[in-house]
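Chains as they are written, first to last, in my numbering: chain X, 37 to 193; chain L, 37 to 193.
Here is the structure we will look at.
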DNA sequence: ACAGTGTTGTTATGCTGTAACATTGTTGTG
DNA sequence: CACAACAATGTTACAGCATAACAACACTGT
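Here it is in structure tokens:
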């Protein structure tokens, strides 16, 4: 199994961090936002908005798209969640609060999304922008391929 | 005006290159595909699929989505066009045929998309992947911000 | 209590993309 | 040339992604 670990710890931590950050900033970490953040943290895969919608529906309510998208907007503004543009899906940020630019390694086989922050890579991005006299405001850096575990599985097979 | 140039040259070149490449490969550069590639090259901005659809409709026919998306798929497979994931839009490749990975500088003001290929940046990407034991198959690298011209405009204003 | 603000509910709609099958066009072969 | 095989396009229908606009509710401070 990939990255065998007690995932409940990831979830707990993410929720606790979110709580702390919102507290600090005076933002309201409401029940809905908490539930949705928790759903996103069900695993280390990116989650689709309409899957969240379905889950909300299953929990009894009659949720509509804006409910989900508003929660996602909030979570993204607070830096608790990132959008993976190449998947139209959302993933929890493992280190919110730290100012950082995100780079993602997305396994096409097991779908695990790993957020990395390579200083070298960030510097290369800045250098490329600078040399074109371009002022970066936002960056999307998503690498698709096979993660370590799935590569080994492929070899073994 | 940004990058003042005779844009008809860009278009001619792109179409000629496309013709040549498809010839070489035995792919069919049909009239439809040619028309759509030409539309995409109307400027140095990324173009939306449904705008292409509208243009086709204006040209008389009754075009439907699959017509456009199939042409786009073809053009992307041949490396003549790239998709900008963060915009859900498509842009012509200025140097098809060369095997390359693409990195894009996207101006949020004038919407110009510039494709760059920084060796340093590519190497940094590979290094980041390698150090995570990750095998890249596809990369999305899109930098949003202000291009050189728009920055100067901002200062002047 | 009440005004003001922020959050959520609800309805409707727009944008993005594809599945599945019918029709037409192109190419190579006898 | 006729015809089979395949590629390209047309057509219908629908699935998936996202937002505008307004209504209702909840929380805050006075």
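Ideal Cβ placement from N, Cα and C applies to all residues, glycine included.
Asked	Found
Buried or exposed: which applies to residue 132 (chain L), given that a residue is buried once 16 or more other Cβ atoms fall within 10 Å of its Cβ?	buried
Determine, for residue 161 (chain L), whether the minimum Cβ-Cβ distance to residues of chain X falls below 9 Å.	yes
Hey, does residue 96 (chain X) have any beta-carbon neighbour from chain L nearer than 9 Å?	no
Using a Cβ-Cβ cutoff of 9 Å, what residues of the stretch 41-59 of chain L are near chain X? List them in chain order.	none
Flag this pair as touching only if the stretch 90-99 of chain L and the stretch 133-140 of chain L have three or more C-beta atom pairs under 8 Å; answer yes or no.	no
Only counting the same chain, and skipping five residues up and downstream in sequence, which positions put a Cβ closer than 7 Å to that of residue 74 (chain L)?	47, 51
Can you give me the Cβ contacts of residue 178 (chain X) inside the same chain, cut-off strictly under 7 Å, excluding the 5 residues immediately before and after it?	120, 121, 122, 140, 142
If we call anything under 9 Å between Cβ atoms a contact, is residue 173 (chain X) one with residue 181 (chain L)?	yes
State the beta-bridge partners of residue 139 (chain X) as determined by DSSP.	X:152
Kindly list the residues whose CB is nearer than 7 Å to the CB of residue 145 (chain L), restricted to its own chain and excluding five residues on each side of it in sequence; keep chain order.	182, 186
Is there a C-beta anywhere in chain L that falls below 9 Å from the one on residue 147 (chain X)?	no
Of all Cβ atoms in chain X, is any one closer than 9 Å to the Cβ of residue 117 (chain L)?	no
Answer yes or no: do residue 236 (chain L) and residue 164 (chain X) have a C-beta to C-beta separation smaller than 9 Å?	Outside the shown range of chain L (37 to 193) lies residue 236 (chain L), about which nothing can therefore be said.
Assess, as a yes-or-no matter, whether the stretch 55-65 of chain L is touched by the stretch 106-116 of chain L under the definition of 3 or more beta carbon pairs within less than 8 Å.	yes
Consider the Cβ of residue 183 (chain X): report whether some Cβ of chain L lies at a distance smaller than 9 Å.	yes
Please list the terminal residues of the continuous alpha helix (DSSP H) segment that includes residue 2 (chain L).	The question about residue 2 (chain L) has no answer, for chain L in this structure spans 37 to 193.
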